[in-house]
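A.B. asks: Questions regarding the structure given below will be posed in turn.
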Amino acid sequence: MSVARGWQFFMHPGPTNIPHRVLQAMQRPAVDFTGPEFVALRDRSLERLKGVLKTRQGFVIAYAASGHGAWDASIANLFSPGDKVLVCQAGFFSENWAATARQYGLEVEVVAAPDRRAIDPNAVAERLAADTAHTIKAVLLVQNETATGIRHPVAEVRAAMNRVRHPALYLVDTISSLASYDFRMDEWGVDLVVGGSQKGLMMPPGMSFTAINARAWEASQKARNPRRYWDWRGMVEGGRQVRFCGTAPIPYFYGLEAALDMIEEEGLENVFARHRRLAQATRACVRAWSHGGGPEIYSLDPEAASDSLTAVLTPAGHDADRVRAIAAERYSVALGRGLGALQGRVFRIGHMGDLNKPMLLGALGAIELALAEAGMPHARGGVEAAMDALRAPVAVRKAAIAA
19 MSVARGWQFF MHPGPTNIPH RVLQAMQRPA VDFTGPEFVA LRDRSLERLK GVLKTRQGFV
79 IAYAASGHGA WDASIANLFS PGDKVLVCQA GFFSENWAAT ARQYGLEVEV VAAPDRRAID
139 PNAVAERLAA DTAHTIKAVL LVQNETATGI RHPVAEVRAA MNRVRHPALY LVDTISSLAS
199 YDFRMDEWGV DLVVGGSQKG LMMPPGMSFT AINARAWEAS QKARNPRRYW DWRGMVEGGR
259 QVRFCGTAPI PYFYGLEAAL DMIEEEGLEN VFARHRRLAQ ATRACVRAWS HGGGPEIYSL
319 DPEAASDSLT AVLTPAGHDA DRVRAIAAER YSVALGRGLG ALQGRVFRIG HMGDLNKPML
379 LGALGAIELA LAEAGMPHAR GGVEAAMDAL RAPVAVRKAA IAA
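Per my numbering, residue 19 is the first one in the sequence shown, and the count goes up by one each step.
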């Protein structure tokens, strides 16, 4: 009988590894969430989170909810039944955000990304330019599509909106990109940001937030969608959150403070560089496996490949979930599954949050073993390619410095 020893290599693209420091911060008795100690923590943590979002103008509203709750909050607060929104559809999560909008009675138009590529900002501009009556109230974009491992061009889409002078609000989901690579709310002209606790912020699932600017706040005062749990009007006073609908997610604020301490101690730009290096190593590994008809990186555009995770497309006729099962059962490596139309076709390697080089190399070695045991075509030497990538100087992503 096989007995598991050591620890599981948790390589999911969310939730991610939770540092002991965050876990310890969250393990504490209940406190009065209306008392001065917690109120000070709440205000301090939400203000510090603005630094990760790179905003001075906006303010953050937190919820006891997953990221899906923050999607709900964005639609409930900003729109009225019958309003039209334009969704940049690029995978499972953007499709689900669109489904949320439809459930609230919104009319959803779609700009679809080319297969295995990022959203084309020119396609967004073309659709908005045709909307001469300005019936489209908002553009919705997921910065990092967790299902596909593709990064979408936030700044470039805003530039396209500006080019055609369309007044639509700009909503961006950063759930699997925030604190993993660059996001600039003010500079990129984002009106509302959706975020969650369980990925780059290195916390358990269960806390989400929206960051909004003055345009979004003004729109929320006129919106007629039904809202209760998500209603900003009962939560915000004087440009900051002062209450919750029900009990505050108390332990999460202590965890958030510890996570922000860790991010600030490492330095936000150094966090980005670490994620970039781990992503480069993972992609080098998968490219090595791909020779001879092996699995390949799902993103066809190297510049659009995510620094948070890599979605690996398996050869036709081979089951990605078989690789996942072998990796988990025999080697204690947990990988993300394919979602929606990609189930069984891809497995996903998360490389965000509390992760370092040896953790990544160990996981990649186990995946290479799993590929062989699953009978999946692949070239050997993926781990060596990853090691070579880790030795090389860090390449700077063009989009990160374009603005």
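Note that beta-carbon positions come from the ideal geometry of N, C-alpha and C, so glycine has one too.
1) Tell me whether the segment 253 to 271 and the segment 32 to 51 touch, counting them as touching only if at least three CB pairs, one residue from each stretch, are closer than 8 angstroms.
2) Given this structure, state the Cα-to-Cα distance separating Pro333 from Arg342, to the nearest angstrom.
3) So what does DSSP say about Ala418, is it helix, strand or coil?
4) With Asn162 and Ser195 assumed to form a contact (beta carbons below 8 angstroms), what rounded beta-carbon distance in angstroms separates them?
5) From the DSSP output, which residues share a beta bridge with Gly213?
6) So what's Gly285 in DSSP terms, helix, strand or just coil?
7) Answer with buried or exposed for His152, where buried requires no fewer than 16 other C-beta atoms within 10 angstroms of its C-beta.
8) For a minimum of 4 consecutive residues, which ranges assigned as the alpha helix (DSSP H) are wholly contained in the segment 90 to 155?
9) Are the segment 52 to 71 and the segment 389 to 404 in contact at 8 angstroms, needing three or more beta carbon pairs?
10) Take Leu408 and list the residues in its own chain whose beta-carbon comes closer than 7 angstroms to its own, dropping the five residues that flank it on each side.
11) Would you kindly work out how many angstroms separate the C-alpha atoms of Arg340 and Ala392, rounded to a whole number?
12) Decide if the segment 20 to 34 is in contact with the segment 212 to 227; the criterion is three or more beta carbon pairs, one per stretch, under 8 angstroms apart.
13) Would you give the residue range spanned by the alpha helix (DSSP H) that Tyr349 belongs to?
14) DSSP three-state call for Asp191: helix, strand or coil?
15) Apart from the five residues just before and just after Ala329, which ones in its own chain have a Cβ nearer than 6 angstroms to its Cβ?
16) DSSP state of Met19, grouped into three classes?
17) I'd like to confirm the pairing. Which residues does DSSP put opposite Ile168 in its beta bridges?
18) On the premise that Tyr122 lies in contact with Ala94, defined as a C-beta separation below 8 angstroms, what is that separation, rounded to the nearest angstrom?
19) Please check the pair Ala197 and Val70, which I expect to be a contact at CB under 8 angstroms, by giving their CB distance rounded to whole angstroms.
20) Out of Tyr188, Trp307 and Leu318, which has the shortest C-alpha to C-alpha gap to Asp133?
21) Please name the residue or residues paired with Tyr270 in a DSSP beta bridge.
C.D. replies: Let me lay it out:
1) yes
2) By one-based count along the sequence shown, residue 333 stands at place 315. By one-based count along the sequence shown, residue 342 stands at place 324. Cα to Cα, Pro333 sits roughly 15 angstroms from Arg342.
3) Against the sequence shown, residue 418 aligns to sequence position 400. Confidence in Ala418 is poor, its pLDDT being 41 and thus under 50, which makes the residue's placement unreliable; the coordinate value appears in the next sentence. Ala418 falls in the helix class under three-state DSSP.
4) In the sequence shown, the residue the question calls residue 162 occupies position 144. In the sequence shown, the residue the question calls residue 195 occupies position 177. Indeed, because the Cβ distance is near 4 angstroms, the residues count as touching under 8 angstroms.
5) One-based indexing of the sequence shown puts residue 213 at position 195. In the DSSP output, where bridge partners are listed per residue, Gly213 has Phe227.
6) Against the sequence shown, residue 285 aligns to sequence position 267. Coil.
7) As a first step, residue 152 must be located in the sequence shown, where it is residue number 134. That one is exposed.
8) 110 to 121 and 139 to 148
9) no
10) Mapped onto the sequence shown, residue 408 falls at position 390. Once the five neighbours on either side are set aside, the close Cβ partners of Leu408 are Arg295, Ala299 and Lys375.
11) The residue labelled residue 340 in the question sits at position 322 within the sequence shown. The residue labelled residue 392 in the question sits at position 374 within the sequence shown. Going by the C-alpha atoms only, they are around 6 angstroms apart.
12) yes
13) Here residue 349 is taken as the residue at index 331 of the sequence shown, counted from 1. Where Tyr349 is concerned, the enclosing alpha helix (DSSP H) stretches over Ala338 to Tyr349.
14) As a working note, residue 191 is residue 173 in the sequence shown. Residue state, collapsed to three classes: strand.
15) Along the sequence shown, one-based indexing puts residue 329 at 311. So the list reads Thr166, Gly167, Tyr316, Val364 and Arg366, once near-sequence residues are dropped.
16) In the sequence shown, the residue the question calls residue 19 occupies position 1. Because Met19 sits at a pLDDT of 48, beneath the cut-off of 50, its placement in the model cannot be relied upon, and the following sentence gives the value as read from the coordinates. DSSP places Met19 in coil when its eight states are reduced to three.
17) Mapped onto the sequence shown, residue 168 falls at position 150. Paired residue(s): Glu163 and Ala323.
18) In the sequence shown, counting from the first residue as 1, residue 94 sits at position 76. In the sequence shown, counting from the first residue as 1, residue 122 sits at position 104. Sure, about 7 angstroms apart at Cβ, within 8 angstroms.
19) For this step, residue 197 is matched to residue 179 along the sequence shown. For this step, residue 70 is matched to residue 52 along the sequence shown. Yes, Ala197 and Val70 are in contact; Cβ-Cβ is about 5 angstroms, under 8 angstroms.
20) Locating residue 133 in the sequence shown gives position 115, where the first residue counts as 1. For the residues Tyr188, Trp307 and Leu318, the minimum Cα distance to Asp133 belongs to Leu318.
21) Here residue 270 refers to the residue found at position 252 of the sequence shown. DSSP lists no partner for Tyr270.
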